[in-house]
Every structure is written in structure tokens, then in C-alpha cells.
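Encoded as C-alpha cells, the structure appears first; notes follow it.
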Amino acid sequence: MNKDPIQMVWVGDSISRLEYLCMRSFIANGHPVHLYTYSQIDRLPKDVLSFDANEIIPKEQIFLYKGSYALFADFFRWTLLALKGGYYCDTDMLCIRPFEFEEDSVIGKQSHDMINSAFLKFPPQHPIVLEMLDCALNPNKIKPYDTRRIKRKKILKKLFNNTKQIGWGETSGPPALTRAVNYMGQQANCSLKDFTYFYPVDCGNFNSLFDETLTGEKLYKNTYVVHLWNEMLRRGNIDKNKPFNPDSFVGQYFSLYCPEYDSL
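Numbering-wise (UniProt numbering), the sequence shown opens with residue 1 and increments by one.
Right, here's the structure in full:
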């Protein structure tokens with residue numbers, strides 16, 4: 001039986017070893033990859049299907065924040081899911097085994113008190129998706145679940161048009177998603193999975209994915225994907241095109257999923 005497609009977005013004309021590995025991992029586990037892009041990308045894995053991202057958000061609306069497209073990716077994912085629904089994964093999600101979720105709506109915790117948005121499954125027009133899209137479209141809009149600190153930041157941003165006032169993920173990323181889901185309660189109507197499903201390695205320990213710390217260690221039995229924390233790599237100015245340590249967690253999966261890479 002065909003697996004559900006995994007939707008992703010990429011801004012740029014090339015991908016690194018890390019994105020290649022993650023896309024290839026879904027294909028190896030039977031999931032078609034639908035990649036939304038604004039230009040032709042060199043060296044995509046075989047069988048990745050490219051879609052015109054302009055059909056979701058026009059290219060003219062792309063923006064950078066502190067040198068990263070992460071906030072734009074938040075805007076894109078919520079717009080895409082509002083229109084089409086289905087699975088969405090960031091390009092730094094490594095698939096370990098195919099998804100078999102019967103629930104219509106699935107999200108996951110990265111820790112006991114934080115929900116992440118690197119993995120999402122929703123039907124179109126789901127209340128959580130529409131709420132997060134509203135947050136992305138109106139980042140200064142004060143929400144009933146905003147903390148006093150966030151409300152103050154939004155007011156200052158509106159008064160002084162200071163884009164530096166809003167912090168990482170506070171508008172439509174993980175912190176905002178966490179507050180929205182907690183506030184909406186049963187109205188959120190989604191299955192919230194434990195951190196072991198999608199985020200078994202904490203962002204503070206991301207280096208262990210790329211060195212030999214996890215060599216010989218087994219994953220949790222219910223782990224489906226592993227977040228490789230691209231934002232941490234970006235902040236650390238780590239070269240994602242550098243060959244992975246073959247004995248590392250990521251290196252072993254690269255050898256499994258991408259034996260053809262260096263001959264491309």
C-alpha cells in the first residue's frame with residue numbers, strides 16, 4: 001500500500017548532504033516526498049517530486065530573519081497545511097520507519113513542556129493550523145494565551161517597528177504552537193505524541209548525532225523520525241556538506257540511505 005506523501009519546502013538552488021539524507025530517508029521508507037521550491041535544485045534525490053512553491057506563497061513574500069529562512073518556513077508550513085493538509089516535515093527530519101498514524105491530526109513534544117512544529121499532520125482548515133497561520137500573518141497581534149513578556153514585546157514591536165523584539169519561534173514556531181495548543185485544549189482536537197516519537201535527541205545534545213556518542217545505542221521503540229536540529233548547526237556555523245563521521249548516528253544512516261551520493 002502506498003504511504004502518504006511528506007511535504008517539505010526549500011528556499012535556494014542547492015541542498016546539502018543533510019537535506020539529501022533526510023529526503024532520501026522518507027523515500028527509502030516508502031513515503032513520496034513533495035518538495036515545494038522556488039527554483040530548480042541541483043542534486044535532488046531520485047524520486048523527489050518538485051512542486052512550485054509560488055502556488056502556496058508568491059516568491060515576492062520570501063523574507064529572512066537574522067540570516068535564516070526559518071520564520072518564513074513557519075509561514076509557509078501553516079499556509080500549506082491550511083490549503084492542502086497532510087504531513088509536513090522540515091528538511092532536517094530523518095525518517096527511521098514509515099508513518100502509520102490513523103489519527104487525522106498529530107503533533108509531537110520535543111520536551112515535557114514544549115511542542116515542536118518540525119513534524120505536523122493536519123487536515124485542511126484545522127483550528128490549530130488556522131490559529132498558527134493567523135499568528136504568522138499578524139505577528140504583532142496579542143493573543144489571549146500570550147505571556148506578559150510576549151505581550152510587551154509585541155506592543156514594543158508595533159510601536160517602534162523593531163523586528164528584533166520578537167524572539168525565536170515566538171510568533172508561529174514551537175513556543176507559539178505550545179501556548180496555542182495548551183490554551184485551546186480539547187478544541188485543538190489533535191493527538192499529542194511524546195518526545196520519543198519525533199525528537200528523541202534534545203537540541204542541547206545535537207552534537208551527539210554527529211559524533212560517536214550514540215554509536216551502538218538503540219532508539220526508542222516508538223521513534224519514527226529524528227530531528228537533526230538544522231538551526232543549531234546554522235548557529236554553530238557547522239558545514240553540512242562536510243562528510244559525516246561514518247561511525248556517528250547520522251553517518252550510519254547516510255551510509256544506509258545514500259550510498260550513491262558521492263558518485264552523483
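Where is the CB? At the ideal position from N, CA and C, for every residue including glycine.
Segment limits, alpha helix (DSSP H) that includes residue 136:
Position 136 of the sequence shown, counted from the start, is the residue given in the question as residue 136. Looking at the DSSP string, the run of the alpha helix (DSSP H) that includes residue 136 is 127-137.
Inter-residue Cα distance where the pair is residue 151 and residue 65:
What you label residue 151 is simply residue 151 of the sequence shown in a count that begins at 1. What you label residue 65 is simply residue 65 of the sequence shown in a count that begins at 1. Roughly 20 angstroms between the two C-alpha positions.
By a C-beta neighbour count over all protein chains shown, 10 Å radius and 16 as the cutoff for buried, is residue 212 buried or exposed?
Residue mapping note: residue 212 aligns to position 212 of the sequence shown, counting from 1. When all chains shown are included, residue 212 counts as exposed.
Taking the alpha carbon of residue 130 as the point to measure from, which residue in 94, 176, 96 and 102 has its own alpha carbon closest?
Within the sequence shown, the letter at position 130 stands for residue 130. Of the candidates 94, 176, 96 and 102, the one whose C-alpha sits nearest the C-alpha of residue 130 is 176.
Could you check what DSSP says for residue 110 in three-state terms: helix, strand or coil?
The residue given as residue 110 occupies position 110 in the sequence shown. It is a strand residue.
Throw me the rounded Cβ distance for the residue 76 and residue 181 pair, which I believe falls under 8 angstroms.
Looking up residue 76 in the sequence shown gives position 76. Looking up residue 181 in the sequence shown gives position 181. Contact doesn't hold; Cβ gap of about 20 angstroms is too wide.
Tell me, to the nearest whole angstrom, how far the beta carbon of residue 133 is from that of residue 88; I am working on the premise that it is less than 8 angstroms.
Counted from its first residue, the sequence shown places residue 133 at position 133. Counted from its first residue, the sequence shown places residue 88 at position 88. Actually they are not in contact, since the Cβ atoms of residue 133 and residue 88 sit about 13 angstroms apart, beyond 8 angstroms.
Name, in chain order, the residues that DSSP records as bridge partners for residue 225.
Here residue 225 refers to the residue found at position 225 of the sequence shown. 95, per the DSSP bridge assignment.
Test item: CB-CB of residue 187 and residue 127 under 8 angstroms
Mapped onto the sequence shown, residue 187 falls at position 187. Mapped onto the sequence shown, residue 127 falls at position 127. A contact, by the Cβ cut-off of 8 angstroms.
Nearest-angstrom Cα distance between residue 4 and residue 28?
Reading the sequence shown from its first residue, position 4 is the one you call residue 4. Reading the sequence shown from its first residue, position 28 is the one you call residue 28. Looking at the two C-alpha atoms, the distance is approximately 13 angstroms.
With DSSP as the reference, identify every bridge partner of residue 115, one or two as the case may be.
Start at 1 with the first residue of the sequence shown, and residue 115 comes out as number 115. 109, per the DSSP bridge assignment.
For residue 112, count neighbouring C-beta atoms within 10 Å of its own C-beta (all shown protein chains included) and say buried if the count is 16 or more, exposed if not.
Mapped onto the sequence shown, residue 112 falls at position 112. Residue 112 should be labelled exposed.
Going by other Cβ atoms of all chains shown within 10 Å of its Cβ, with 16 needed for buried, is residue 236 buried or exposed?
If you number the sequence shown from 1, residue 236 lands on position 236. Exposed, since its Cβ has fewer than 16 Cβ neighbours within 10 Å.
By the 10 Å Cβ neighbour count, where 16 or more other Cβ atoms means buried, how is residue 7 classified, buried or exposed?
Here residue 7 is taken as the residue at index 7 of the sequence shown, counted from 1. Counting Cβ neighbours within 10 Å, residue 7 comes out buried, since at least 16 surround it.
Report back the beta-carbon spacing between residue 232 and residue 206 to the nearest angstrom; my notes put them in contact at under 8 angstroms.
Along the sequence shown, read from residue 1 onward, the residue named residue 232 stands at position 232. Along the sequence shown, read from residue 1 onward, the residue named residue 206 stands at position 206. Contact annotation, residue 232 with residue 206: C-beta distance approximately 5 angstroms; criterion of less than 8 angstroms satisfied.
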